[in-house]
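Colleague: Going by full-length UniProt numbering, the residue at position 365 of the sequence shown is 365; the numbering climbs one at a time, nothing skipped. Note that beta-carbon positions come from the ideal geometry of N, C-alpha and C, so glycine has one too. This structure is a prediction, so every number in the text was calculated from the model and none was measured.
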Amino acid sequence: MLQDQLFVLDMMNNNLTGKVPNSLGKLGALAILDLSNNSLSGEIPSSLQYCTQLVNLNLGYNNFSGTIPKWIGESLPFLMVLSLCSNTFSGSIPSEILQLGYLRALDLSHNNLSGYIPRSIGELSWEKGVPTYYMPFSLYMPFFQYSIYNASASSVYLVVKGEAREYSKLLYLLETIDLSCNNLYGEIPNEIENLQALQSLNLSMNHLTGHIPDQIGKMRALESLDVAMNKLSGTIPQSLATLNFLSSLNVSYNNLSGKIPSGNQLQTLDDPSIYIGNPYLCGPPTTQSCSTNETTIIFGKESHDRFERFGLYISVVLGFIIGFWIFFCTLLLSRSFRNTYFSAIDRKYDRLYVAVALTLIRLRRRCGQT
1 MLQDQLFVLD MMNNNLTGKV PNSLGKLGAL AILDLSNNSL SGEIPSSLQY
51 CTQLVNLNLG YNNFSGTIPK WIGESLPFLM VLSLCSNTFS GSIPSEILQL
101 GYLRALDLSH NNLSGYIPRS IGELSWEKGV PTYYMPFSLY MPFFQYSIYN
151 ASASSVYLVV KGEAREYSKL LYLLETIDLS CNNLYGEIPN EIENLQALQS
201 LNLSMNHLTG HIPDQIGKMR ALESLDVAMN KLSGTIPQSL ATLNFLSSLN
251 VSYNNLSGKI PSGNQLQTLD DPSIYIGNPY LCGPPTTQSC STNETTIIFG
301 KESHDRFERF GLYISVVLGF IIGFWIFFCT LLLSRSFRNT YFSAIDRKYD
351 RLYVAVALTL IRLRRRCGQT
């Protein structure tokens, strides 16, 4: 049957609208599904989980919504390229996707994803090559003499080094993760340092906090790193200077501070704009002197401490004033409270008077005996 012989379905760059039909799930032999650059909507149909031979799933640049289904990571074990960019997906990133053993390119950019970056991202293994089942027809397809590596259907647009590029023939040699332009928050997990084959990492335009992982220099193959427009703080790790292939870097518009590392490829990244928006960064290629910057940071901390102490004093004074007026107004307006209060004061006064009088009598007796 035709549905058992269809390996590639390329319908990109059309004006398709509506929802993806569930009948696509009957294409059990489908290896490449490209529906990008259309106006398709709705959720990803669950029937696609039966296309277990998929290697390239590209649904980017549409109007898909809902959450990213977990079954993508559970039912599509041979997936090498997953592009869901420029849609309106919401929810968190399923950790199951990060367990795909053959995954080479993951693009979830320009959505409404939220939550933390799963720590399981460090478990992605790119030591595997092309799936073995895929090899017989990846080199030659009967009737079509079709090469997967030369197919236009296996091309995908990815943002690498700050530019949108089309990858086709070399697609399966590229390792990239793009989670930019979402609502992700929390820290960049340290486990990401384990992705030593990763070439491009884009986490820009989110709400990430914390520090850039100290041992990011372990990612030896990294060529492009973009963490711009987040809320990252701390210093730029010195280990970043050990990356020999780094040719694109953007850490602009964060809260980074300290001296910019130097060495190896960082010496060639002399565009000050990649560091702009971090007022406490200093050293080349910025014009900010580190000695001046350190003084500014110290002065800023001292000013902050003085402001905190002043705020504490104000809080204590206001608390005393408010408490006094509450007590005074209650005393003035409540007759029962006023009677009880003054009765208690009288009793305390009487007890104190008796105690003082007895003490004086004892002292006089002792003085008379001596």
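May I ask you to list the residues that DSSP assigns as paired with Val-8?
Modeller: Taking the sequence shown and counting its residues from 1, the one referred to as residue 8 is at position 8. Ile-32, per the DSSP bridge assignment.
Colleague: If you count every other CB in all the chains shown that lies within 10 Å of the CB of Leu-79, and 16 or more means buried, which is it?
Modeller: Mapped onto the sequence shown, residue 79 falls at position 79. Leu-79 sits buried, since 16 or more C-beta atoms from the chains shown fall within 10 Å of its C-beta.
Colleague: Determine the burial state of residue 376: buried for a count of at least 16 other Cβ atoms within 10 Å of its Cβ, exposed for fewer.
Modeller: No statement about residue 376 is possible, as the shown extent of the chain runs from 1 to 370 and does not include it.
Colleague: What does the alpha-carbon distance come out to for the pair residue 388 and Asn-202?
Modeller: Examination of residue 388 is not possible in this model, given that the chain is present from 1 through 370 alone.
Colleague: Leaving out five residues on either side along the sequence, give the residues of the same chain with a beta carbon under 6 Å from the beta carbon of Phe-245.
Modeller: One-based indexing of the sequence shown puts residue 245 at position 245. Answer for Phe-245: Glu-223, listed in chain order.
Colleague: Quick one: is Gln-199 buried, meaning 16 or more other Cβ sit within 10 Å of its Cβ, or exposed?
Modeller: If you number the sequence shown from 1, residue 199 lands on position 199. Gln-199 is buried by the Cβ-count criterion.
Colleague: Do you know offhand how far Gly-319's Cα is from Ile-326's?
Modeller: Taking the sequence shown and counting its residues from 1, the one referred to as residue 319 is at position 319. Taking the sequence shown and counting its residues from 1, the one referred to as residue 326 is at position 326. Cα to Cα, the separation comes out at about 11 Å.
Colleague: On the three-state DSSP scale, how would you describe Ile-177?
Modeller: For this step, residue 177 is matched to residue 177 along the sequence shown. DSSP places Ile-177 in strand when its eight states are reduced to three.
Colleague: Over what stretch of residues does the alpha helix (DSSP H) that includes Ser-75 continue unbroken?
Modeller: The count along the sequence shown starts at 1 and reaches residue 75 at position 75. Taken as a continuous stretch (DSSP letters only), the alpha helix (DSSP H) holding Ser-75 covers 71-75.
Colleague: Taking the alpha-carbon of Phe-7 as reference, which of Asn-13, Gly-25, Asp-107 and Val-20 has the nearest alpha-carbon?
Modeller: Along the sequence shown, one-based indexing puts residue 7 at 7. Minimum Cα distance to Phe-7 is reached at Gly-25.
Colleague: Between the C-alpha atoms of Ser-273 and Met-12, what's the straight-line distance to the nearest angstrom?
Modeller: The residue you call residue 273 lines up with position 273 of the sequence shown. The residue you call residue 12 lines up with position 12 of the sequence shown. Going from the Cα of Ser-273 to the Cα of Met-12 covers about 35 Å.
Colleague: Please state the DSSP three-state secondary structure of Cys-282.
Modeller: Residue 282 sits at position 282 when you count from the first residue of the sequence shown. In this structure, Cys-282 counts as strand in the three-state DSSP scheme.
Colleague: Report yes if the CB atom of Tyr-253 is closer than 8 Å to the CB atom of Gly-186, and no otherwise.
Modeller: Along the sequence shown, one-based indexing puts residue 253 at 253. Along the sequence shown, one-based indexing puts residue 186 at 186. Going by C-beta atoms, Tyr-253 is not nearer than 8 Å to Gly-186.
Colleague: Tell me which same chain residues have a C-beta within less than 7 Å of the C-beta of Pro-118, skipping the five on either side of it?
Modeller: Residue numbering aside, residue 118 sits at position 118 when the sequence shown is read from its first letter. Excluding sequence neighbours, Pro-118 sits near Ile-93, Ser-95 and Leu-98.
Colleague: Residues in the same chain with beta-carbon distance under 6 Å from Gly-66, minus the five sequence neighbours each way, listed in chain order, please.
Modeller: The sequence position of residue 66 within the sequence shown is 66, counting from 1. Cβ neighbours of Gly-66 beyond the five flanking positions: Glu-43.
Colleague: Under three-state DSSP, which class holds Tyr-253?
Modeller: Taking the sequence shown and counting its residues from 1, the one referred to as residue 253 is at position 253. Tyr-253: coil per DSSP, three-state reduction.
Colleague: For Gly-18, name the three-state secondary structure that DSSP assigns.
Modeller: For the purposes of this step, residue 18 is identified with residue 18 of the sequence shown, where counting begins at 1. Strand at Gly-18.
Colleague: Quick one: residues in its chain with C-beta nearer than 7 Å to the C-beta of Gln-5, no 5 flanking neighbours on either side, listed in chain order?
Modeller: Taking the sequence shown and counting its residues from 1, the one referred to as residue 5 is at position 5. Only Ala-29 meet the Cβ criterion.
Colleague: Whole alpha helix (DSSP H) runs in the segment 210-268 with 4 or more residues, listed along the chain?
Modeller: none
Colleague: Identify which residue in Ser-247, Ser-114, Ala-221 and Thr-235 has its Cα closest to the Cα of Asn-183.
Modeller: Position 183 of the sequence shown, counting from 1, holds the residue named residue 183. Looking at the Cα atoms, Ser-114 is the closest of the given residues.
Colleague: For Phe-89, count neighbouring Cβ atoms within 10 angstroms of its own Cβ and tell me buried if that reaches 16, exposed if not.
Modeller: Along the sequence shown, one-based indexing puts residue 89 at 89. By the neighbour-count rule (16 or more Cβ atoms within 10 Å), Phe-89 is buried.
Colleague: Using 8 Å for Cβ pairs, my map puts Ala-241 next to Asn-264. What's the rounded Cβ distance?
Modeller: Locating residue 241 in the sequence shown gives position 241, where the first residue counts as 1. Locating residue 264 in the sequence shown gives position 264, where the first residue counts as 1. So it is a contact: roughly 6 Å between Cβ atoms.
Colleague: My output table needs one value for Asp-107: the three-state DSSP class, helix, strand or coil.
Modeller: Your numbering for residue 107 matches position 107 in the sequence shown. DSSP, reduced to helix, strand and coil, places Asp-107 within a strand of the structure shown.
Colleague: CA-CA distance, Gly-73 and Leu-100?
Modeller: In the sequence shown, the residue the question calls residue 73 occupies position 73. In the sequence shown, the residue the question calls residue 100 occupies position 100. Straight-line Cα distance between these residues: approximately 6 Å.
Colleague: As a quick exercise: from Ser-120, Gly-311 and Leu-124, pick the residue whose alpha carbon is nearest that of Ala-105.
Modeller: For the purposes of this step, residue 105 is identified with residue 105 of the sequence shown, where counting begins at 1. That would be Leu-124, whose Cα lies nearest to the Cα of Ala-105.
Colleague: With Ser-239 and Ile-216 assumed to form a contact (beta carbons below 8 Å), what rounded beta-carbon distance in angstroms separates them?
Modeller: Translated into the one-based positions of the sequence shown, residue 239 becomes position 239. Translated into the one-based positions of the sequence shown, residue 216 becomes position 216. About 6 Å separates the two Cβ atoms, so the contact holds.
Colleague: Suppose contacts are defined by Cβ-Cβ distances below 8 Å. Is Gly-122 in contact with Leu-195 by that definition?
Modeller: One-based indexing of the sequence shown puts residue 122 at position 122. One-based indexing of the sequence shown puts residue 195 at position 195. Yes. Within cutoff.
Colleague: Can you tell me the Cβ-Cβ gap for Ser-39 and Leu-57, rounded? I've got them flagged as a contact below 8 Å.
Modeller: The count along the sequence shown starts at 1 and reaches residue 39 at position 39. The count along the sequence shown starts at 1 and reaches residue 57 at position 57. About 18 Å separates the two Cβ atoms, so there is no contact after all.
Colleague: Between Ser-343 and Ile-321, what straight-line distance do the alpha-carbon atoms span, to the nearest angstrom?
Modeller: Within the sequence shown, numbered from 1, the residue matching residue 343 stands at position 343. Within the sequence shown, numbered from 1, the residue matching residue 321 stands at position 321. When rounded, the distance between both Cα atoms is 25 Å.
Colleague: Using a Cβ-Cβ cut-off of 8 Å (strictly less than) and excluding sequence neighbours within five positions of Phe-64, which residues of its own chain qualify?
Modeller: Indexing the sequence shown from 1 puts residue 64 at position 64. For Phe-64, where only same-chain residues beyond five positions count, the Cβ hits under 8 Å are Leu-40, Ser-41, Gly-42, Glu-43, Ile-44, Leu-84, Asn-87, Thr-88 and Phe-89.
Colleague: Looking at Leu-256: is its Cβ nearer than 8 Å to the Cβ of Ile-236?
Modeller: For the purposes of this step, residue 256 is taken as residue 256 along the sequence shown, with counting starting at 1. For the purposes of this step, residue 236 is taken as residue 236 along the sequence shown, with counting starting at 1. In contact: Leu-256 and Ile-236 (Cβ atoms closer than 8 Å).
Colleague: If the criterion is Cβ atoms closer than 8 Å, does the pair Asn-230 and Asn-206 meet it?
Modeller: Taking the sequence shown and counting its residues from 1, one reaches residue 230 at position 230. Taking the sequence shown and counting its residues from 1, one reaches residue 206 at position 206. Contact flag set, yes.
Colleague: Return the chain-ordered list of same chain residues with a C-beta closer than 8 Å to the C-beta of Thr-52, the five sequence neighbours on each side being excluded.
Modeller: Position 52 of the sequence shown, counting from 1, holds the residue named residue 52. Counting only Cβ-Cβ distances below 8 Å, and skipping sequence neighbours, we find Gly-28, Ser-75, Leu-76, Pro-77 and Phe-78.
Colleague: Per DSSP, Asn-183 forms a beta bridge with which residues?
Modeller: Counted from its first residue, the sequence shown places residue 183 at position 183. Answer by DSSP bridge pairing, in chain order: Ser-114.
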